[in-house]
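Asks: Before anything else, here's the structure in question.
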Amino acid sequence: MTCFFNCFLQVFRQGLSFRGRRKLRYVVALLAVFLVLKYSFLLLLGKASVQKVETTGANSHNVIANASYVSYNSKKVVVVAYCKEDWAYKGLFELFNVSHKWWYFVLKEEPERADVIAHSPWGTCSGKYPNATKIFIDMEPNAHRGSEHSITVSTVKPAESSSNVLYIPYALWSFAERKAAVTTDLLRNLSYSEAEKKWKAKSWFAAFAARYCSRDNKLGETRTQFFDILSTKYKPVHALGNCRHNMDPPSRVDPPYDNNRDMVIQWYRPYKFSFCFENSQLTGYITEKLFNSFLADTIPIYWGAPNIDELVNTNAIIVCNEENNTFESCIKQIIALDSNSTLWIQKLQTPLFKGGALPSWLLWRTYSEQLLSMLAKFLDEK
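Heads up: the sequence shown runs through residues 1318 to 1699, numbered per this note's numbering.
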């Protein structure tokens, strides 16, 4: 390469004379031959087959496409399989986007062989890899299958630390799927005049969107109870989903909001308030619901994780985590904000996170290192 550099210097000193142009062509030809030979050599070593894998989220990562070899840049290649019908795989590209001293992770859709298989309840291909280390991503609390798997990634925070259970909030997985929003969009910083414009643009009181009123005669009952109480005691709430349906959502949602994760943001925009009631009230269990409300510039009405004050700034939302189901305190807050534009505007201005930065629980790198530590004891045995 030093020779090439010196030749280029000579060419530029000589200008674009006939002699200079001839020497430039000579240098370019030598450089091309050098690159061809280098690339051919890497192919023989099985180290040059690299392609870009696009995820449907905000990011994409470079991974090795052909993982039939066992090493890459002196690192052991670890093939991580995911099931083609499993939407959770999009978060795996974030989770395994980490540099490791000894391992190079390759994510592939149902390859012939795999060192690790990661799947959620929607992935059914784990049986194809009986000898692989199994990572189960439970997503919903009632889907826990820890005893069947080497590692369980849980959306509920364990009461005690465990060597084979890794807590990753559901909300973070949802951002891997989104097309219209990224986590930094949650760092909203509105002036009073900006927030006032949003107040003036609101046409309706409150929105509620749920596909099911309940499951197994229990799941989701709290939100329907609250819907009935608020609608009766104060103002009618628009139910945009199948449950208690009384108002059709917009018939058309323009890209990039035209997907299951983002469309409700557009649905909620005309409303001052929106419901974000979780399916279950469990420690650490926080889904996309609160963030949909926040991103729609509504005031979130939240019921769910008992430790919600550890996850977000509760001054930015209305928390309805009460021991009884009368919701009196919660409804008083809603009425006060609805009837006083200044209070509503100040609430909308309140940051969702204290300190003006994303909390560590919304950063993938927080969990990547923990997962690698858990995997170590299994991968070292292979």
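By construction, the Cβ of each residue, glycine as well, lies at the ideal position given by its N, Cα and C atoms.
Only a predicted model underlies this, so the values are computations on that prediction, with no experimental measurement involved.
How should T1659 be labelled, buried or exposed, when 16 other C-beta atoms within 10 angstroms of its C-beta is the threshold for buried?
Replies: Classification for T1659: exposed.
Asks: Could you tell me the boundaries of the beta strand (DSSP E) in which E1426 lies?
Replies: Run containing E1426: 1420-1426, per the beta strand (DSSP E) assignment.
Asks: May I have a chain-ordered list of the alpha helix (DSSP H) segments no shorter than 4 residues that lie completely inside the segment 1576-1643?
Replies: DSSP runs (the alpha helix (DSSP H)) wholly in the segment 1576-1643: 1580-1585, 1606-1612, 1625-1628.
Asks: To the nearest angstrom, how far is it from the Cα of L1680 to the Cα of L1689?
Replies: Roughly 16 angstroms between the two C-alpha positions.
Asks: Nearest to P1475 by CA position, among G1601, V1581, Y1585, is which residue?
Replies: For P1475, the nearest C-alpha among the options comes from G1601.
Asks: Could you check which residue in Y1585, T1615, R1561 has the C-alpha nearest to that of K1664?
Replies: Nearest C-alpha to K1664: T1615.
Asks: Suppose contacts are defined by Cβ-Cβ distances below 8 angstroms. Is R1540 in contact with W1439 by that definition?
Replies: Going by C-beta atoms, R1540 is not nearer than 8 angstroms to W1439.
Asks: CA-CA distance, A1431 and P1458?
Replies: Their Cα atoms are separated by approximately 27 angstroms.
Asks: Going by CA-CA distance only, name the one from A1622, A1633, F1594, Y1585 that's closest to A1613.
Replies: The option with the nearest alpha carbon to A1613 is Y1585.
Asks: Looking only at its own chain, which residues have a Cβ that is under 8 angstroms from the Cβ of W1516, when we skip the five neighbours before and after it?
Replies: Closer than 8 angstroms at the Cβ level, and outside the excluded window around W1516, lie K1589, S1658, W1661, I1662, L1665.
Asks: At what residues does the alpha helix (DSSP H) containing L1504 begin and finish?
Replies: L1504 -> no alpha helix (DSSP H), and no H or E assigned at all.
Asks: Kindly indicate which three-state DSSP category L1675 falls into: helix, strand or coil?
Replies: Looking at L1675 - three-state DSSP - the assignment turns out to be coil, as it is neither helix nor strand.
Asks: Beta-carbon separation of T1667 and N1632 under 8 angstroms?
Replies: Yes, the pair counts as a contact, with Cβ atoms nearer than the cut-off.
Asks: Out of A1622, F1410, P1676, state which residue places its alpha-carbon closest to the alpha-carbon of W1490.
Replies: Nearest option by C-alpha distance: F1410.
Asks: Using the beta-carbon count (16 or more within 10 Å), is G1444 buried or exposed?
Replies: Classification for G1444: exposed.
Asks: Using only the alpha-carbon positions, how far apart do A1365 and Y1684 sit?
Replies: The predicted position of A1365 is uncertain, since its pLDDT is 30 and thus under 50; a value taken from the coordinates is nonetheless stated next. Cα to Cα, A1365 sits roughly 29 angstroms from Y1684.
Asks: Taking 6 angstroms as the limit between beta carbons, can you name the residues of its chain near I1634, skipping five residues before and five after?
Replies: Excluding positions up to five away in sequence, the list reads P1617, Y1619.
Asks: Check W1516 in the structure and name its three-state DSSP category.
Replies: W1516 falls in the helix class under three-state DSSP.
Asks: Could you compute how far the alpha carbon of Q1598 sits from the alpha carbon of N1577?
Replies: Approximately 23 angstroms, taken between the alpha carbons.
Asks: Of all the options D1403, Y1399, L1412, which has the alpha carbon lying nearest to the alpha carbon of R1682?
Replies: With distances taken between Cα atoms, R1682 lies closest to L1412.
Asks: May I have the straight-line CA-CA distance separating F1525 from P1428, to the nearest angstrom?
Replies: If I take the Cα positions, the gap works out to 42 angstroms.
Asks: Any idea if Y1529 is buried or exposed, counting beta-carbon neighbours within 10 angstroms, 16 or more meaning buried?
Replies: With fewer than 16 Cβ atoms within 10 Å of its Cβ, Y1529 is classed as exposed.
Asks: Measure the alpha-carbon distance for A1674 versus N1414 and round it to whole angstroms.
Replies: Taking the straight line joining both Cα atoms gives about 22 angstroms.
Asks: In angstroms, rounded to a whole number, what distance separates the CA positions of I1625 and Y1421?
Replies: Taking the straight line from one Cα to the other gives about 36 angstroms.
Asks: Cutting at 6 angstroms between CB atoms, please list the residues of its own chain near A1375, excluding the five before and the five after it.
Replies: In this prediction, A1375 has a pLDDT of 33, which is less than 50 and means its spatial position is unreliable; what the coordinates show is noted afterwards. Closer than 6 angstroms at Cβ, skipping near neighbours: V1499.
Asks: State the CB to CB distance for the pair I1648 and K1550, rounded to an integer number of angstroms; the pair is presumed to be in contact (CB under 8 angstroms).
Replies: That pair is a contact at about 6 angstroms.
Asks: Going by the beta-carbon positions, is the gap between C1593 and S1610 smaller than 8 angstroms?
Replies: In this structure, S1610 lies closer than 8 angstroms to C1593 by Cβ.
Asks: Report all residues from its chain with a CB closer than 7 angstroms to the CB of N1563; omit the five preceding and five following residues, and keep chain order.
Replies: Correct list, in chain order: H1555, A1556.
Asks: Which residues does DSSP list as the beta-bridge partners of W1521?
Replies: In DSSP, W1521 forms a bridge with Y1588.
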